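S.K.: Here the sequence shown stands for residues 1200 to 1628, where the numbers follow my numbering.
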Amino acid sequence: MDSSASQFSETQEYPVAVVGGAAAGTFFVAEWLRRGAVGPVLWLTGDDPVGVAYGTRCEAHLLNVPAAKMGAFADRPQDFLDRLRERAPSEPLQGTEFVPRRLYGDYLRHLQASARAHPSLHCLPLSLADIEPAGTAARPSWRLRSVEGRVFQARRVVFATGLAEASVRGDDDPTVIRDPWRWFNGPASGRKLPADHEEILVLGSGLTAMDVIIGLREAGFGGRIRALSRSGRWSERHAAAEPLTDAERASLVAALLERPTCRGYLATLRRHAGRLPWRAVIDALRPQSQALWSALDTTEQRRFLRHLFPIWNRHRHRAPPRTAESIDRDAALSLERGRWHPADRRAALVFDCRGLGLATGRRWPRCLTTLAERGVLAASALGIGFVSRQPDSIDLLGALRFGAEFECTAVPELRAQAAAIIDGWTRTA
Ligand SMILES: Cc1cc2nc3c(=O)[nH]c(=O)nc-3n(C[C@H](O)[C@H](O)[C@H](O)COP(=O)(O)OP(=O)(O)OC[C@H]3O[C@@H](n4cnc5c(N)ncnc54)[C@H](O)[C@@H]3O)c2cc1C
1200 MDSSASQFSE
1210 TQEYPVAVVG
1220 GAAAGTFFVA
1230 EWLRRGAVGP
1240 VLWLTGDDPV
1250 GVAYGTRCEA
1260 HLLNVPAAKM
1270 GAFADRPQDF
1280 LDRLRERAPS
1290 EPLQGTEFVP
1300 RRLYGDYLRH
1310 LQASARAHPS
1320 LHCLPLSLAD
1330 IEPAGTAARP
1340 SWRLRSVEGR
1350 VFQARRVVFA
1360 TGLAEASVRG
1370 DDDPTVIRDP
1380 WRWFNGPASG
1390 RKLPADHEEI
1400 LVLGSGLTAM
1410 DVIIGLREAG
1420 FGGRIRALSR
1430 SGRWSERHAA
1440 AEPLTDAERA
1450 SLVAALLERP
1460 TCRGYLATLR
1470 RHAGRLPWRA
1480 VIDALRPQSQ
1490 ALWSALDTTE
1500 QRRFLRHLFP
1510 IWNRHRHRAP
1520 PRTAESIDRD
1530 AALSLERGRW
1540 HPADRRAALV
1550 FDCRGLGLAT
1560 GRRWPRCLTT
1570 LAERGVLAAS
1580 ALGIGFVSRQ
1590 PDSIDLLGAL
1600 RFGAEFECTA
1610 VPELRAQAAA
1620 IIDGWTRTA
């Protein structure tokens, strides 16, 4: 990904720099250019063009959001579906379908190629190493230094760098795959499967665990797979549910906000899910998730992450029906409830699918910690993400906001965040 147009000079000040090249960065750049960008945009994409979610080549790894809701633009959620239909007009595709994530990777590459053709975009496959102030308090500006040693200056910077590296858990045992997506998306030469008489252990029973199991079968592993998780239950599956009426939704939200504690939320949800379709109850909360999250105090938010987050994820991030059916059909697969002891080395390979670690500490890259030390970013109250103290000149997209925000990583949230930042920046340009 390199648009090395000679009209860009490294001594100029870019009005906007975007750091991060996958879904969130692409949404921001595409939206910014669509609105008729003012001046050149610098885009440092890093080395991963589509991100771990959409880098999979396995056709059985499906989106968990219907195609009609996955468009890159807040005002055009159908854009991805339109693109799929344009590419294959003879294959009728319903907006409710869960298509392979690989197709979403293709969509991101298509948006990136269109953006790169724009004369205002300076796109470079570089990684940001550090950032320091280069302006004044009245007119902030930033000097950006890439890992490769190139230096740029930008008036405003948006970070779309996804999840930071997870805190290292455990030892460096090569039979324990701590990052299953890197294993799957990386070169095939690095993926040696055990023999079929051996066993694979999968830690977790959420969407990642289900995809890993399906991916292992697609890759040809025919042996026994044992899954182990705290709940001992797979993620719930998608199924049609009549949405709540406006009155039902309003009464549900009001009842939740009456008792903003984990216990209160759980009791209210159980009560409503007892008389209404539970999927519709969960889905009705999505537009209100930030209000509900903010209504919890910090102690309750911590409690939620410790005790309710896995339950929430199981019901909220549901498996596409085809994924759930593959899991049901797998006769050599079992799921147990329990915790893994690292000393248990019966399995030839262990895949750690216990989540992206959103709720636990992460090792942040230097460019972010530098900004936090300078007081430009504040750690969220839970200490697991950041809030910008200078949103007019530095802002954040996606998982970097976790803690201060709750639902912040899926496509519908990312494109809304990008549009909101651009609204603010163009108003004050
Ligand atoms: C397996 C999986 C499946 C998912 N499925 C769905 C789904 O079906 N629907 C949905 O809505 N959401 C889904 N999600 C949520 C998903 O997180 C988001 O949709 C999206 O992929 C997040 O993208 P991102 O750009 O914020 O971060 P990432 O995908 O993590 O990308 C980060 C980018 O930043 C770059 N970068 C990192 N550090 C630097 C640096 N220092 N300098 C420059 N660049 C840097 C990287 O190269 C990369 O380009 C899924 C997530 C996972 C893990």
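Backbone N, C-alpha and C define an ideal beta-carbon position, used for all residues, glycine too.
Since the structure is predicted, the reported quantities are computational estimates derived from the model, not experimental observations.
Could you say which of Asp-1372, Gly-1238, Ile-1412, Gly-1334 lies nearest to Leu-1532 if we only look at CA atoms?
M.R.: Your numbering for residue 1532 matches position 333 in the sequence shown. Checked all of Asp-1372, Gly-1238, Ile-1412, Gly-1334; the closest Cα to Leu-1532 is Ile-1412.
S.K.: Measure the CB-CB distance between His-1309 and Arg-1282 and report whether it falls below 9 Å.
M.R.: As a first step, residue 1309 must be located in the sequence shown, where it is residue number 110. As a first step, residue 1282 must be located in the sequence shown, where it is residue number 83. Contact flag set, yes.
S.K.: Is Ile-1376 closer than 9 Å to Glu-1398 when the C-beta atoms are compared?
M.R.: Start at 1 with the first residue of the sequence shown, and residue 1398 comes out as number 199. Start at 1 with the first residue of the sequence shown, and residue 1376 comes out as number 177. No, these two residues do not count as a Cβ contact at 9 Å.
S.K.: Name, in chain order, the residues that DSSP records as bridge partners for His-1321.
M.R.: As a first step, residue 1321 is located in the sequence shown; it is residue number 122 there, counting from the start. Answer by DSSP bridge pairing, in chain order: Leu-1241.
S.K.: If you count every other CB in all the chains shown that lies within 10 Å of the CB of Ala-1252, and 16 or more means buried, which is it?
M.R.: By one-based count along the sequence shown, residue 1252 stands at place 53. Per the 10 Å Cβ criterion, buried.
S.K.: Looking at ligand 1, does it come within less than 8 Å of Cys-1566, judged from the CB to the closest heavy atom?
M.R.: Against the sequence shown, residue 1566 aligns to sequence position 367. Yes, the Cβ of Cys-1566 comes within 8 Å of a heavy atom of ligand 1.
S.K.: Alpha carbon to alpha carbon, how far is Leu-1327 from Ala-1221?
M.R.: Residue numbering aside, residue 1327 sits at position 128 when the sequence shown is read from its first letter. Residue numbering aside, residue 1221 sits at position 22 when the sequence shown is read from its first letter. Cα to Cα, the separation comes out at about 14 Å.
S.K.: Across the segment 1583 to 1600 and the segment 1329 to 1346, are there enough close Cβ pairs to call them in contact, namely three or more that are closer than 8 Å?
M.R.: Segments in contact, yes.
S.K.: How many Å lie between Thr-1444 and Asp-1482 at the Cα?
M.R.: Working through the sequence shown from its first residue, we reach residue 1444 at position 245. Working through the sequence shown from its first residue, we reach residue 1482 at position 283. So the two alpha carbons sit approximately 12 Å from each other.
S.K.: Take the Cβ of Gly-1582 as the centre, count every other Cβ of all protein chains shown within 10 Å, and call the residue buried at 16 or more, exposed below.
M.R.: Here residue 1582 refers to the residue found at position 383 of the sequence shown. So Gly-1582 ends up on the exposed side.
S.K.: Determine the closest residue to Val-1249 out of Gln-1311, His-1506, Thr-1374, Leu-1451, with distance taken between C-alpha atoms.
M.R.: By one-based count along the sequence shown, residue 1249 stands at place 50. Selected option, being the one with the closest Cα: Gln-1311.
S.K.: At 3 residues or longer, and completely inside the segment 1421 to 1498: list those beta strand (DSSP E) runs for me, N to C.
M.R.: The segment 1421 to 1498 contains these whole beta strand (DSSP E) runs: 1423 to 1428.
S.K.: Given Gly-1403, which residues of its chain have a CB within under 6 Å of its CB, disregarding the five upstream and five downstream residues?
M.R.: The residue you call residue 1403 lines up with position 204 of the sequence shown. Excluding residues within five positions, the ones whose Cβ falls inside 6 Å are Ser-1428, Cys-1552, Arg-1553.
S.K.: Less than 9 Å separating the beta-carbons of Gln-1352 and Tyr-1213?
M.R.: What you label residue 1352 is simply residue 153 of the sequence shown in a count that begins at 1. What you label residue 1213 is simply residue 14 of the sequence shown in a count that begins at 1. Contact flag set, yes.
S.K.: Following a CB-centred definition, is Pro-1299 positioned closer than 8 Å to any heavy atom of ligand 1?
M.R.: Looking up residue 1299 in the sequence shown gives position 100. The answer is no for Pro-1299.
S.K.: Going by the CB atoms, is the gap between Cys-1322 and Thr-1210 shorter than 9 Å?
M.R.: To locate residue 1210, count along the sequence shown from 1; it is residue 11. To locate residue 1322, count along the sequence shown from 1; it is residue 123. The answer is no: Cβ separation not under 9 Å.
S.K.: Quick one: is the Cβ of Ser-1326 within less than 8 Å of any heavy atom of ligand 1?
M.R.: Taking the sequence shown and counting its residues from 1, the one referred to as residue 1326 is at position 127. Result yes, Cβ under 8 Å from ligand 1.
S.K.: Is Pro-1611 a contact residue of ligand 1, with contact defined as CB to any heavy atom under 8 Å?
M.R.: Mapped onto the sequence shown, residue 1611 falls at position 412. Yes, the Cβ of Pro-1611 comes within 8 Å of a heavy atom of ligand 1.
S.K.: Does the separation of the CB atoms of His-1514 and Glu-1435 fall below 9 Å?
M.R.: Within the sequence shown, numbered from 1, the residue matching residue 1514 stands at position 315. Within the sequence shown, numbered from 1, the residue matching residue 1435 stands at position 236. Yes, these two residues count as a Cβ contact at 9 Å.
S.K.: Determine the extent of the alpha helix (DSSP H) in which Phe-1508 is found, giving its start and end residues.
M.R.: Residue mapping note: residue 1508 aligns to position 309 of the sequence shown, counting from 1. Where Phe-1508 is concerned, the enclosing alpha helix (DSSP H) stretches over 1508 to 1515.
S.K.: For Ser-1587, write down the residues that DSSP places opposite it in a beta bridge.
M.R.: Walking along the sequence shown from the start, residue 1587 turns up at place 388. Bridge partners of Ser-1587: Leu-1576.
S.K.: For the candidate residues Arg-1485, Gly-1294, Pro-1288, Glu-1230, whose alpha-carbon lies nearest to that of Ala-1609?
M.R.: Reading the sequence shown from its first residue, position 410 is the one you call residue 1609. Comparing Cα-Cα distances from Ala-1609 to each of Arg-1485, Gly-1294, Pro-1288, Glu-1230, the minimum goes to Arg-1485.
S.K.: Within its chain, find whatever has a CB closer than 8 Å to the CB of Thr-1497; leave out the 5 residues flanking it on each side and keep chain order.
M.R.: Your numbering for residue 1497 matches position 298 in the sequence shown. Excluding sequence neighbours, Thr-1497 sits near Ala-1580, Leu-1581.
S.K.: Using only CA atoms, which one of Phe-1272, Arg-1301, Val-1575 lies nearest to Ala-1617?
M.R.: Numbered from its first residue, the sequence shown carries residue 1617 at position 418. Ala-1617 has its Cα closest to that of Phe-1272, out of Phe-1272, Arg-1301, Val-1575.
S.K.: Should Ser-1289 go down as buried or exposed, given a rule of 16 or more other Cβ atoms within 10 Å for buried?
M.R.: For the purposes of this step, residue 1289 is identified with residue 90 of the sequence shown, where counting begins at 1. Flag for Ser-1289 reads exposed.
S.K.: Who are the Cβ neighbours of Leu-1400 in its own chain at under 6 Å, not counting the five residues just before and after it?
M.R.: For the purposes of this step, residue 1400 is taken as the residue at position 201 of the sequence shown. Taken in chain order, the residues that qualify are Arg-1425, Ala-1546, Val-1549.
S.K.: Alpha carbon to alpha carbon, what distance is there between Ala-1439 and Ala-1598?
M.R.: Mapped onto the sequence shown, residue 1598 falls at position 399. Mapped onto the sequence shown, residue 1439 falls at position 240. Approximately 29 Å between the Cα atoms of the pair.
S.K.: Please determine whether the Cβ atom of Met-1269 lies at a distance below 8 Å from any heavy atom of ligand 1.
M.R.: Numbered from its first residue, the sequence shown carries residue 1269 at position 70. Result yes, Cβ under 8 Å from ligand 1.
S.K.: Under 8 Å: do the segment 1406 to 1422 and the segment 1257 to 1272 share three or more Cβ pairs, one atom per stretch?
M.R.: Cβ pair count under 8 Å is three or more, so yes.
S.K.: Bridge partners for Arg-1354 per DSSP, in chain order?
M.R.: If you number the sequence shown from 1, residue 1354 lands on position 155. Partner(s): none; Arg-1354 has no beta bridge.
S.K.: Please report how far the alpha carbon of Val-1228 lies from the alpha carbon of Ile-1620, in whole angstroms.
M.R.: Position 29 of the sequence shown, counted from the first residue, corresponds to residue 1228. Position 421 of the sequence shown, counted from the first residue, corresponds to residue 1620. Cα-Cα distance, rounded: 12 Å.
S.K.: Whose C-beta lies closer than 8 Å to the C-beta of Asn-1384 among residues of the same chain, with five residues either side of it excluded?
M.R.: In the sequence shown, residue 1384 corresponds to position 185, counting from 1. The answer, listed in chain order, is Val-1251, Gly-1254, Thr-1255, Arg-1256.
S.K.: Which of the three DSSP states, helix, strand or coil, is assigned to Ser-1289?
M.R.: Counting from 1 along the sequence shown, the entry for residue 1289 is found at position 90. Coil at Ser-1289, not helix or strand.
S.K.: Provide the residue(s) that pair with Pro-1332 in DSSP beta bridges, ordered along the chain.
M.R.: For the purposes of this step, residue 1332 is taken as residue 133 along the sequence shown, with counting starting at 1. For Pro-1332, which the question treats as bridged, DSSP gives the partners Trp-1341.
S.K.: By DSSP, does Pro-1299 sit in helix, in strand, or in coil?
M.R.: Residue 1299 sits at position 100 when you count from the first residue of the sequence shown. If DSSP states are grouped into helix, strand and coil, Pro-1299 belongs with the strands.
S.K.: Quick one: using the 10 Å Cβ neighbour count with 16 as the cut-off for buried, is Val-1240 buried or exposed?
M.R.: Start at 1 with the first residue of the sequence shown, and residue 1240 comes out as number 41. Buried, because 16 or more other Cβ atoms sit within 10 Å of the Cβ of Val-1240.
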